[in-house]
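Just so you know, the protein sequences line up as chains Y and E, in that order. Sequence positions in the first sequence follow my numbering and run -4 to 264. Sequence positions in the second sequence follow my numbering and run 115 to 313. Each residue gets a CB set at the ideal place from its N, CA and C atoms; glycine is no exception.
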Amino acid sequence: MNQILIPVIIVAAIGLIAGLGLAIASIVFAMPVDEKAEKVRECLPGANCGACGYTGCDGYAAALSKGETTECNLCTPGGNDAAKAIAEVMGLEAGEVMPMVAAVMCQGNRMNVEEKLDYSGVHSCKIATQLFGGPKNCVHGCIGFGDCVEVCPYEAIFICDGVARINPDKCKACKMCIKTCPRQLIDLFPLDTMKAAVLCKNHAKGAETRKQCKAGCIGCMKCVKACEAGAVTVENFCAKVDYDKCIGCGKCHEACPVGCIDLYKISKN
Amino acid sequence: MEMTKGLLAILLTAILTNNYILAKFLGICPFLGVSKKLSTATGMSAAVIFVMALATAVTYPINKFLLVQFDLEYLQTIVFILVIAALVQLVEIILKKYMPALYNALGIYLPLITTNCAVLGVVILNIDSGYNFAESMFNSVGAGLGFMLAMVMFSGIRERMESNDIPKFLQGLPITLIAASLVAVSFLGFTGIVENIFG
């Protein structure tokens, strides 16, 4: 009988002492928890992506509860729902979160751009771009080694025919890829509205661009003249669309001789 | 003199010849899981050294004065897990209050390793080897340092592997396991070295 009873008692006693010890310790050494921060934290998606500009969801929640910021709409992954929930907790105005999605502004696939180097070095865009401007002919285009793929917390980016592409269903517009891309090829694009987009960031002069890529913007200004809303401008031989002004009429696309400007409507499934 | 020699031999054996990861194959999950970056590998290793030393310091007297007295050595595993888990939780609470910097540095790794097999392995092997208290402490600190050595080395290898062009069917875990086995084989080279130094 004792053979069973003594071990049971001893193990139970150790467990009890440990449990009681922990319970007492958690009261004695209790840290004052910021209840507001905790509540705000629950409204956030918890991806710790840093799109809000703080160290993570906890950092943003702490900043809000301490009154360092009063903006509730900094969380792009959480979108309008999170902004509303935070505003309710904090008693502030929610503000609008414009639904955006990231997109790679480059068409430099193997059909349009030729490779000038047989690159077998480190598989990283950041490093490859420093070696004669990368393995491809275009020194402004996507290298396709996937620095953005690695940094994306939602696995939304993939490489297709040597160019990064973003799956809008998975993208939460956290801007991690935008910060990472050594060539600043990724932009936020408005969701669910028809807008024109320039899929090129080549700032070389027209003739030079022509040699580098078949679909590169040559800065011919035809789109600027065609645009009735005044949304298209050309800076440094590369067209740019102001998404606020663009009405999605498609005149610029019809005018473009190289086909680097087109109408897009990105929606989530 | 003889005693310090013995303790040093135990320490070096635990680090090199009997490395807990590469020779005894304990603690493989953190070895593969958090060795991707050097910073996480060192954070994890620091937490492991800390917990191993602490666990040994507590479980040794429990074994000697409680379990052995009542002939209950067969309860070692369950009692040790219980005690180590409770202890680490306690340490976490205290650290959070008084040393928030260290708490943030160890971060998620501290609760993660409460029931790590390497930690439990160290305390049980200490007792199986018949070490006294000082020898147990040296063995567990050595095991922790050996863990750190393996983690830091392997994270360096993995960081280099990231930038290599690996065939598709080997990408990810397969190449990691192959690399781990090669590192383990290289540690075989230490066999006999401690005996020769202190022999």
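Pick from the options: whose alpha carbon is nearest that of residue i?
i: Y/K121; options: Y/G136, Y/D113, Y/K111, Y/L186; result: Y/G136
i: Y/I81; options: Y/P94, Y/D113, Y/C38; result: Y/C38
i: E/V237; options: E/Q190, E/P281, E/M275, E/L146; result: E/Q190
i: Y/P72; options: Y/G86, Y/P94, Y/L194; result: Y/P94
i: Y/A7; options: E/F164, E/L196, E/I163, E/N177; result: E/L196
i: Y/L69; options: Y/N264, Y/K61, Y/Y55, Y/S60; result: Y/Y55
i: E/E116; options: E/G260, E/L181, E/G303, E/E249; result: E/E249
i: Y/F232; options: Y/D156, Y/E223, Y/E203, Y/G254; result: Y/E203
i: Y/V236; options: Y/N104, Y/N(-3), Y/K206, Y/D182; result: Y/D182
i: E/L152; options: E/E276, E/K282, E/F283, E/Y188; result: E/E276
i: Y/N264; options: Y/A210, Y/D187, Y/N104; result: Y/D187
i: E/D185; options: Y/I(-1), Y/A151, Y/K174, Y/K167; result: Y/I(-1)
i: E/T305; options: E/T131, E/L209, E/G120, E/A155; result: E/T131
i: E/A155; options: E/M166, E/S269, E/V182, E/K211; result: E/S269
i: Y/N162; options: Y/F153, Y/K170, Y/C169; result: Y/F153
i: Y/K61; options: Y/A77, Y/L11, Y/M85; result: Y/M85
i: Y/G41; options: Y/I4, Y/A77, Y/T124, Y/K170; result: Y/A77
i: Y/C222; options: Y/F127, Y/K240, Y/R178; result: Y/K240
i: E/S129; options: E/V297, E/L302, E/G260; result: At residue 129 of chain E the sequence reads Ile, which differs from the Ser that was named. Looking at the Cα atoms, E/G260 is the closest of the given residues.
Are the beta-carbon atoms of residue i and residue j separated by less than 7 Å?
i: Y/A25; j: Y/A57; result: no
i: E/T228; j: E/F194; result: no
i: Y/Y238; j: Y/P185; result: yes
i: E/Q127; j: E/V266; result: According to the sequence as given, residue 127 of chain E is Thr; it is not Gln. Not in contact: E/T127 and E/V266 (Cβ atoms no closer than 7 Å).
i: Y/G201; j: Y/G214; result: yes
i: E/A257; j: E/L136; result: no
i: E/L140; j: E/C231; result: yes
i: Y/I256; j: Y/C247; result: yes
i: Y/L180; j: Y/C101; result: yes
i: Y/A192; j: Y/Y114; result: no
i: E/I280; j: E/I289; result: yes
i: Y/C133; j: Y/C208; result: yes
i: Y/C172; j: Y/C195; result: no
i: E/I358; j: E/N310; result: The shown model of chain E, from 115 to 313, leaves out residue 358 of chain E, and the question about it has no answer.
i: Y/K190; j: Y/G139; result: no
i: Y/V96; j: Y/L59; result: no
i: E/I198; j: E/A169; result: yes
i: Y/V108; j: Y/K131; result: yes
i: E/Y223; j: E/M158; result: yes
i: E/S149; j: E/R274; result: no
i: Y/V229; j: Y/M216; result: yes
i: E/L216; j: E/L209; result: yes
i: Y/S21; j: E/I207; result: yes
In the DSSP output, what is residue i paired with across the bridge?
i: Y/D182; result: Y/A98
i: Y/A159; result: Y/I154
i: Y/K235; result: Y/T228
i: Y/N256; result: Inspection of the sequence shows that residue 256 of chain Y is occupied by Ile rather than by Asn. Paired residue(s): Y/V193.
i: Y/E110; result: Y/K131
How far does the alpha helix (DSSP H) with residue i in it reach, from first residue to last?
i: E/V237; result: 231 to 242
i: Y/E249; result: 246 to 250
i: Y/Q207; result: 201 to 207
i: Y/E66; result: No alpha helix (DSSP H) contains Y/E66, which DSSP labels as neither H nor E.
i: Y/A8; result: -3 to 23
i: E/P281; result: No alpha helix (DSSP H) contains E/P281, which DSSP labels as neither H nor E.
i: Y/R36; result: 30 to 38
i: Y/C222; result: Counting along the chain, Y/C222 falls outside any alpha helix (DSSP H), and DSSP gives it neither H nor E.
i: Y/N75; result: 74 to 85
i: E/L153; result: The question names Leu, but residue 153 of chain E is Ser in the sequence shown. Looking at the DSSP string, the run of the alpha helix (DSSP H) that includes E/S153 is 152 to 176.
i: E/F312; result: 307 to 312
i: E/Q65; result: Chain E is shown only over 115 to 313; residue 65 of chain E falls outside these bounds and no answer can be derived.
i: E/F145; result: 142 to 147
Members of the stretch 53 to 70 of chain Y near chain E, C-beta cut-off 7 Å: Listed in sequence order: no entries.
Within 7 Å of chain Y by C-beta, residues of the stretch 205 to 224 of chain E in sequence order: Taken in chain order, the members of the stretch 205 to 224 of chain E whose beta-carbon sits within less than 7 Å of a beta-carbon on chain Y are I207, I208, K210, K211.
Residues in the stretch 10 to 25 of chain Y having any Cβ partner in chain E nearer than 7 Å: Residues G10, A13, G16, L17, A20, S21, F24.
Contact residues within the stretch 117 to 139 of chain Y, judged by C-beta distance below 7 Å to chain E: Those would be V117, H118, S119, in chain order.
Members of the stretch 231 to 248 of chain E near chain Y, C-beta cut-off 7 Å: Residues: none.
Residues in the stretch 187 to 204 of chain E having any Cβ partner in chain Y nearer than 7 Å: Those residues of the stretch 187 to 204 of chain E that come within reach of chain Y (Cβ to Cβ, closer than 7 Å) are L189, I192, V193, L196, V197, A200, Q203, L204.
Members of the stretch 267 to 279 of chain E that neighbour chain Y once the beta carbon cut-off is set at 9 Å: Against chain Y - using a Cβ distance shorter than 9 Å - the residues of the stretch 267 to 279 of chain E are E276, S277, N278, D279.
Contacting positions in the stretch 169 to 181 of chain E - beta carbon closer than 9 Å to chain Y: Considering only beta carbons, the part of the stretch 169 to 181 of chain E lying closer than 9 Å to chain Y consists of I176, L180, L181, in chain order.
Interfacial residues, the stretch 142 to 156 of chain Y to chain E, with Cβ spacing under 9 Å: For the stretch 142 to 156 of chain Y, the set of residues with a beta-carbon nearer than 9 Å to any beta-carbon of chain E comprises E145, in chain order.
Interfacial residues, the stretch 134 to 146 of chain E to chain Y, with Cβ spacing under 7 Å: Contact annotation: in the stretch 134 to 146 of chain E, no residue has its CB less than 7 Å from a CB in chain Y.
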